[in-house]
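K.L.:
Its first residue numbered 1, the sequence shown is counted upward by one per residue in our numbering.
Think of the CB as a built atom: it goes at the ideal place given N, C-alpha and C, for glycine as much as any other residue.
All values derive from a computational prediction rather than experimental measurement.
Below is the structure I would like to discuss, written out as structure tokens.
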Amino acid sequence: MEPLIRAALREDRAWEDAAGRALFSKEPAKGKIVFKGQRAVLCGEWAVKEAFRCLNSRVRVRFLAKEGALAARGAVVAQVKGRARAVLAGERTALNFLGLMSGIATRTREFVDAARRSRSSFCISDTRKTHPLLRGLEKYAVKVGGGSPHRMDLASLAMAKDNHLAVLRRVRGREWPRFLRASIRRWRRRGLESEVEVQSLAQLEAVAGCGPDWIMLDNMPLGALRAATVFLRQFDPRIKIEVSGGVTLEDIPYLARLPIDRVSAGAIVHSAPFADFSLELH
């Protein structure tokens, strides 16, 4: 991730910091990173260290809490020491990464905790609704928060979504299930898991008959979800079930009563609030 950190520093023109270059040369500075919010799951230690290291390898950052630990309001999470110019130039970039990643980890932990309280066995996953070029660190934050990151990209899981099926039905007509079934077999021979998205009970039987590894029940009403999971467990218990589409924290207790394997929620990434940290120097 070093190129990403350097790109963020270039965006901020950190090596051209007008105030820092005018006021300081080799003067030292030291201080602490303080959490200013209510509660956060700490995530992004390596990004903070890398941001300062890129500017000056002698800047020292010592975190006082482990990655994944809970931080309360006013907690001192790290100590920073080094040349003032480098510390000041890297401050905002370092805190931006820390705030973004800790926010995602915190939101993920809320979903994971809700599932555990409901005594469910499914995992909490993200989606591909990530910020461009930040997917790697955002999925890392999901993992730190206790989630199970979904596919990283289009090549790591063979997933046929609604638009794939729409085009397939138009091109192949009534023969579309045969083509989908043959593709699933080819993917399996290549060692790729397969997943197919369905949005109604009417689609479900035809897709289940193709034998995918996963079926995603997307944006289905809660009543239809129950009927779909009952059908799938009876039809072929080997097919794993994912629920997705606008899942909220309030939905988790209900979903915990269904026999599903994974719940994916884009909101744990794209709607996670920024965790508020500040650097206090002296």
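1. With the cut-off set at 8 Å, would you say F122 and A115 are in Cβ contact?
2. Can at least three beta-carbon pairs, one atom from the region 82-102 and one from the region 22-34, be found at a separation below 8 Å?
3. Could you round the C-beta distance between M220 and A228 to whole angstroms and report it? I think they count as a contact, below 8 Å.
4. State buried or exposed for E91, treating a residue as buried only when at least 16 other CB atoms are found within 10 Å of its CB.
5. Nearest-angstrom Cα distance between A51 and R6?
6. I'd like to know whether the C-beta atoms of T279 and V76 end up nearer to each other than 8 Å.
7. With contact counted as at least three CB pairs below 8 Å, one residue from each stretch, are the region 235-248 and the region 260-277 in contact?
8. Could you tell me the alpha carbon to alpha carbon distance between A256 and A19, rounded to whole angstroms?
9. How about L217 and V198: do their beta carbons lie closer than 8 Å?
10. For L222, which of A206, L133 and L201 has the nearest alpha-carbon?
11. So within the region 48-99, which uninterrupted alpha helix (DSSP H) runs reach at least 4 residues, ignoring any that extend past its ends?
12. How many angstroms separate the CA atom of T108 from the CA atom of V196?
13. May I have the straight-line CA-CA distance separating V142 from S120, to the nearest angstrom?
14. Excluding the five sequence neighbours on either side, which residues of its own chain have a C-beta within less than 6 Å of the C-beta of L98, listed in chain order?
15. Could you give the DSSP three-state label for F218: helix, strand or coil?
16. Using 8 Å as the cut-off, can you tell me whether the region 181-196 makes contact with the region 149-169, which would need three or more C-beta pairs spanning the two stretches below that distance?
17. Alpha carbons only, please: which of G74, V41, R233 and Y254 is nearest the one belonging to Y140?
18. Starting from L23, trace the alpha helix (DSSP H) both ways and give me its first and last residue.
19. Under 8 Å by Cβ, that's how I've got S118 and P273 pegged, so tell me the actual separation to the nearest angstrom.
P.N.:
On the basis of the coordinates in this document:
1. Contact: yes.
2. Contact between the region 82-102 and the region 22-34 is present, because at least three Cβ pairs lie under 8 Å.
3. Between A228 and M220 the Cβ distance is about 7 Å, and since that is below 8 Å, they are a contact.
4. E91 counts as buried, since no fewer than 16 other beta carbons sit within 10 angstroms of its beta carbon.
5. Distance from the CA atom of A51 to the CA atom of R6, rounded to whole angstroms, is 7 Å.
6. The residue asked about is misnamed: residue 279 is Leu in this sequence, not Thr. No, the pair does not count as a contact, with Cβ atoms beyond the cut-off.
7. Yes, they touch.
8. Cα to Cα, A256 sits roughly 54 Å from A19.
9. Yes, the Cβ-Cβ distance between L217 and V198 is below 8 Å.
10. Measuring from the Cα of L222, the nearest candidate turns out to be L201.
11. Those alpha helix (DSSP H) runs which fall completely within the region 48-99 and span 4+ residues do not exist here.
12. Using only the alpha carbons, I get a separation of about 25 Å.
13. V142 and S120: Cα-Cα distance of roughly 19 Å.
14. Cβ within range, chain order: G44, V48 and F277.
15. Per the sequence shown, residue 218 should be read as Asp rather than Phe. Here DSSP, grouped into helix, strand and coil, assigns D218 to strand.
16. Three or more pairs of CB atoms, one per stretch, sit closer than 8 Å, so the region 181-196 contacts the region 149-169.
17. Taking only the C-alpha atoms, the option nearest Y140 is V41.
18. That run of the alpha helix (DSSP H) goes A18 to L23.
19. Contact flag wrong, Cβ pair sits at about 23 Å.
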